[in-house]
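Numbering-wise (my numbering), the sequence shown opens with residue 663 and increments by one.
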Amino acid sequence: MSLVFSFRRNIFLLFRKYVHTRLISTEIHPDRNTNVYFEENIGHTPVMPNEVVEALNPQDNKVFIDMTFGAGGHTRHLLQAAKLKLFCLDRDPCAYEKAVKLADEYGDAVTPLLGKFSEIQPLLKKHGIQPNSVDGILIDAGCSSMQMDSSARGFAISRNGPLDMRMDGNR
Numbered sequence: 663m664s665l666v667f668s669f670r671r672n673i674f675l676l677f678r679k680y681v682h683t684r685l686i687s688t689e690i691h692p693d694r695n696t697n698v699y700f701e702e703n704i705g706h707t708p709v710m711p712n713e714v715v716e717a718l719n720p721q722d723n724k725v726f727i728d729m730t731f732g733a734g735g736h737t738r739h740l741l742q743a744a745k746l747k748l749f750c751l752d753r754d755p756c757a758y759e760k761a762v763k764l765a766d767e768y769g770d771a772v773t774p775l776l777g778k779f780s781e782i783q784p785l786l787k788k789h790g791i792q793p794n795s796v797d798g799i800l801i802d803a804g805c806s807s808m809q810m811d812s813s814a815r816g817f818a819i820s821r822n823g824p825l826d827m828r829m830d831g832n833r
């Protein structure tokens with residue numbers, strides 16, 4: 663391993679440790695490094711929830727799409743700000759399962775969608791949403807810690823595992 667790579671890896675690990683301790687809600691658990699624990703229990707705290715709510719200005723009876731649902735942190739803040747109809751899109755099956763759980767909690771206000779950006783129009787059409795009838799769209803682009811910290815997901819550089827780098831590795 664080269665000195666530059668080693669230095670970069672150490673910087674990444676320090677940054678990841680900072681993010682986990684400062685920005686992500688976690689509980690101490692002896693099995694923290696197992697994929698099952700990580701996928702089911704790590705919650706994400708959005709970094710800019712107030713700014714997102716202010717920028718999108720959600721109001722009752724509006725239709726919004728969270729195009730990058732992830733763990734649903736921003737979606738929860740939007741749902742707390744107004745009585746919305748929120749479609750939660752993600753191509754990651756683990757994120758989709760989190761959206762299903764959120765739908766159980768919020769009922770008809772949340773509709774989970776499993777798919778890619780390019781599939782949004784037919785997915786919305788299935789739910790009766792016509793073009794030009796969406797009031798707000800949120801895209802929080804990038805990889806989340808749900809992908810980066812689980813070796814089985816194919817994104818991790820800090821753990822041994824297969825290199826896959828698809829959000830939806832089984833599709």
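All C-beta atoms in this analysis are idealised placements derived from N, C-alpha and C, irrespective of residue type, glycine included.
Endpoints, the beta strand (DSSP E) within which residue i is located
i, result
"glycine 798", "798-800"
"isoleucine 727", "725-728"
"valine 772", "772-776"
"lysine 747", "747-752"
Cβ separation of residue i and residue j, assumed to be a contact under 8 Å, to the nearest whole Å
i, j, result
"aspartate 728", "leucine 748", "6 Å"
"alanine 761", "aspartate 770", "At roughly 14 Å, the Cβ-Cβ gap does not stay under 8 Å, so alanine 761 and aspartate 770 are not in contact."
"histidine 736", "proline 708", "5 Å"
"isoleucine 791", "threonine 730", "That pair is no contact at about 18 Å."
Cα-Cα separation, residue i to residue j
i, j, result
"valine 714", "histidine 739", "9 Å"
"tyrosine 768", "lysine 788", "20 Å"
"methionine 710", "proline 784", "30 Å"
"alanine 765", "leucine 741", "11 Å"
"glycine 823", "lysine 724", "43 Å"
"alanine 744", "proline 720", "6 Å"
"cysteine 750", "leucine 775", "6 Å"
"isoleucine 799", "phenylalanine 779", "12 Å"
"leucine 746", "alanine 803", "22 Å"
"leucine 718", "glutamate 781", "23 Å"
"alanine 733", "asparagine 794", "27 Å"
"phenylalanine 726", "leucine 786", "11 Å"
"valine 796", "lysine 763", "23 Å"
"glycine 777", "alanine 757", "11 Å"
"glutamate 759", "glutamate 716", "28 Å"
Residue i, enclosing alpha helix (DSSP H) - first and last residue
i, result
"valine 762", "755-768"
"leucine 718", "711-718"
"glycine 735", "735-743"
"proline 784", "782-788"
The ligand PLP heavy atom lying under 7 Å from the CB of residue i
i, result
"glycine 777", "Among the components of this structure there are no ligands whatsoever, and the ligand PLP is therefore not found."
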